[in-house]
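Each residue of the sequence shown is one higher than the one before, counting from 1333 in this note's numbering.
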Amino acid sequence: MAKFLPSRRILPTRTLPRFSSRLFGQAIVHAHLKQIQRAHAHLLVNGLHEDDSLLADTIFHAKQGSYYDILYCRLIFDRIPSPTVSTWNCLIRLYADSYWDASYSFLLYREMRRRANQPDHLTFPFLLKGLGNGGTLSDAVCVHTHVLKSGFLSDLFVQTSLMSFYTKFCCMEYAHQIFDQMSERDTASWNVLIGGYSQKGCLGSVFSVFQGMRRLSYCSPDCITVMSLMQACVGEDNRQVGESIHCLVIKNGMEKDVSVKNTLIAMLGKCEDSESAELLFSEMDPLDRNTVSWNALISGCCCQEDSTGAVNIFNRMLQSDERPDLGTILSLVSALAEFDMLPAGGSIHCYVLKAGFDSNISAGNAIISMYSKCGDAQAAYQVFAEMRTRNRVTWTSIVSGFAQSGCSDEAKQLFKDMLMAGEKPDSVTIVAMLSACSISGDHEYGKWIHDYTIAGGLITNVIVCNALVDMYAKCGSMSDARQVFERMQEKNIISWTTMILGYAMNGEFKEALNIFSEMLKLGIRPNHVTFLAVLSACVHGGLLEKSLQIFHSMTATYHILPRLEHYACVADLLGRQGNIQQALDLIQSMPVRPDAGIWGALLGACRIHHEIEIGEFVAERLLELDPSAVSHVSMANIYAGEGKWEGAARLRMMMKSKKVKKTPGCSFVQANGSTHSFAVEDRSHPEHRMIYEVVDGLALQLKGIEVVEIEEAVNF
């Protein structure tokens, strides 16, 4: 290092800065951070530390050589008595490029203005990049105002940077307004606008802007343009559009670009054209394939709900030279969680541990969420307990996992631990806790969560309010549910549907229909879930004619095709009212295959109304789909009810030979803030002996009361 650096003892004073800057820059470009620090120390020793341009070169070359420490560069910067605009720009750019502290670039800019340094046309692009990586919208609006006052709004680089920032914050109106005011445009400015609309999923706007770009002879689409177009194509409906983009790629000779190929594979997967995606991947030169290529293929399988295919591709990736990265793990774990593939998820977890990803908080959160959604709350908690670093997502994932698994007491304790750890719950956490209260029927704790949402400022969130309405409805308090509903600042279709379903669950079918009528008067269009809620209300109320009227209006008025569950509601109501043959005709006329649930409901109706012949037919269909105990017991009860003991005995023997057992019923009891579940002959509770002693004592007391009442009746 020393041989590159000049010395005051060798060179004349007047030539020192010029030679030092050139030689020092060469030394830094090829140096590590410690060598940079030694070089700076050499300048200090030789009295070269007072030259502004030399110190500015230190900061600049540290960035150019990618061996820099921002804090060290700031120390160097603070030694410069009068930094030039170029020096300020170098330091602002350093912070803008550092994603861990990009927002500090705005503080530097404010300091620059306080010290009466005027920004130039390069200051604002660096500054806006930093704000895009870690700033706020209000800060950018402030900078936009300064751009106007400084007279740099006509600069193409500044305009493009402003557009880029606004697209990152999804402010497409502002971005498009700046674009329309530009006197000249290059490919980069068109790409920023196309990319912004692509991120928002506005396919129409993407291609509208693209057509405008193609009309200009001086502005041709490049690889970034076509990649933005491809990212906007999602879903089978856009497959034809994707094919057109593929043709454009080939026409413009971009198919050799690896990034374009990877994006094309991802687009084909998202458009549910897995065969074309696999073909394009196989045609790639093995040397060109990278982790992004494999991730694109895995992501395509995940979009098509082909979790098995995603796992197979992952195994192929492990056999290749490419190693999975964090993106691979997150995509795969998310897919396995959605489709309840616990064994495969466990294998991926083993790989995460082996590859060292377990120290990454995002990977840990994904594993917790995967185990939770697969119903293994204990495995999720084990991962949670071993995590050294936790954030709000970590806590929310574990709380949601226990809530979804029905472990309400554990979810409450974890929520309490979360508050004690200083993590502030967000709307997702609150919704998870309200779900736990709904499952356990804990009305009091639900009210406490309600109070917490008010204190925490989350009561304006429509998702939280919908969860509150649902919780109160499932706890049987429709008055509280109605109060939350009436006070909602914003209501969506889920809000109305939840109220209708709540009234239906609680037997207030007239109120459910009134809410439905009120919704229609306000011009709110119902969806298939709304109709299911209304039909459920009709079933609970025994309103056959009303249910048929609503059922037919789905297709006639709202053009919504009834689903299996809608047919099930109507068939159930027909069966309950004794119209067994009509219910059977409806089921057999359905455009979808009947499931075990709808056959089971009709079998129950056959038992009530003593329809043995149809019951036998229904039982045969039911046993084909569900050879469980419920099917056998229902038909056995029909035989027993009609005195056909041979048929009942035959079914009981069949159950015994198949080793089919009826699942025992379960009851929930709340005591001292905890929820306890009990099944028939259940002895799993730690205090079961004392509980049975109390039950036996109560039974003896009831027998005593019964004896006294009988004696009094005789004496009377």
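Every residue gets a Cβ at the ideal spot worked out from N, C-alpha and C, and that includes glycine. Please read these numbers as outputs of a predicted model, since none were measured by experiment.
- If you check the CB distance, Ile-1944 and Ile-1912 do not come in under 8 Å.
- In this structure Ser-1552 is not in contact with Thr-1595, their Cβ atoms being roughly 18 Å apart against a cut-off of 8 Å.
- For Gly-1527, the CB contacts under 6 Å within the same chain, skipping 5 residues up- and downstream, are Ser-1560 in chain order.
- Here Lys-1686 carries a helix assignment [DSSP, helix/strand/coil].
- The C-alpha of Val-1581 is placed about 24 Å away from the C-alpha of Ser-1496.
- Counting only unbroken stretches of 3 or more residues, no beta strand (DSSP E) element lies wholly within the stretch 1661 to 1742.
- Tyr-1777 places its beta carbon less than 8 Å from that of Lys-1744.
- Val-1566 carries a coil assignment under DSSP once its states are collapsed to helix, strand and coil.
- For Pro-1858, the secondary structure class from DSSP, reduced to helix, strand or coil, is coil.
- Counting along the chain, Ile-1762 sits inside the alpha helix (DSSP H) bounded by residues 1759 to 1772.
- Rounded to the nearest angstrom, the gap between the Cα atoms of Met-1851 and Phe-1883 is 17 Å.
- Boundaries of the alpha helix (DSSP H) harbouring Asn-1798: 1794 to 1806, taken from the DSSP string.
- The beta carbon of Asp-1589 lies closer than 6 Å to those of Cys-1555 in the same chain, with the five residues before and after it left out.
- Following the DSSP letters along the chain, one finds Phe-1497 inside the alpha helix (DSSP H) bounded by residues 1488 to 1500.
- Each residue's CA atom was taken as its position, placing Thr-1726 and Ala-1717 some 11 Å apart.
- The beta carbon of His-1681 lies closer than 7 Å to those of Ile-1699 in the same chain, with the five residues before and after it left out.
- Here Ile-1730 has Ile-1700, Ser-1704, Ala-1712, Tyr-1713, Phe-1716, Leu-1746 as same chain residues with Cβ atoms under 8 Å from its own Cβ, once five neighbours each way along the sequence are excluded.
- The beta carbons of Thr-1728 and Asp-1758 sit closer together than 8 Å.
- When only Cα atoms are considered, Ser-1827 and Ala-1813 end up about 11 Å apart.
- About 6 Å separates the CB atoms of Leu-1459 and Ser-1437; that is less than 8 Å, so the two are in contact.
- Distance between Ile-1930 and Val-2026, taken at the CA atoms: about 41 Å.
- In the structure shown, Asn-1824 falls within a coil segment according to DSSP collapsed to helix, strand and coil.
- Just so you know, the alpha carbons of Ser-1809 and His-1891 end up roughly 34 Å apart.
- For the pair Met-1545 and Trp-1522, the Cα-to-Cα distance works out to about 7 Å.
- DSSP, reduced to helix, strand and coil, places Leu-1875 outside both helices and strands of the structure shown, so it counts as coil.
- Of the candidates Gly-1641, Pro-1858, Arg-1857, Asn-1570, Gly-1641 places its Cα closest to the Cα of Leu-1664.
- In the structure shown, Phe-1484 falls within a coil segment according to DSSP collapsed to helix, strand and coil.
- Going by DSSP, Gly-1585 is part of no alpha helix (DSSP H) at all; its letter is neither H nor E.
- For His-1508, the CB contacts under 8 Å within the same chain, skipping 5 residues up- and downstream, are Leu-1525 in chain order.
- Each of Ala-1787, Ile-1786, Cys-1739, Gly-1788 was checked against the Cα of Ala-1764, and the nearest Cα belongs to Cys-1739.
- Ile-1597 is positioned such that its CB atom lies closer than 8 Å to that of Leu-1612.
- If you ignore the 5 residues before and after Ala-1915, its C-beta comes within less than 6 Å of the C-beta of Ala-1903, Leu-1906, Gly-1907, Leu-1934, all in its own chain and listed in chain order.
- Annotation for Pro-1457: the continuous alpha helix (DSSP H) segment containing it runs 1455 to 1466.
- Between the C-alpha atoms of Cys-1565 and Phe-1501 there is a straight-line separation of about 21 Å.
- Per the coordinates, the alpha-carbon of Leu-1896 lies some 40 Å from the alpha-carbon of Ser-1540.
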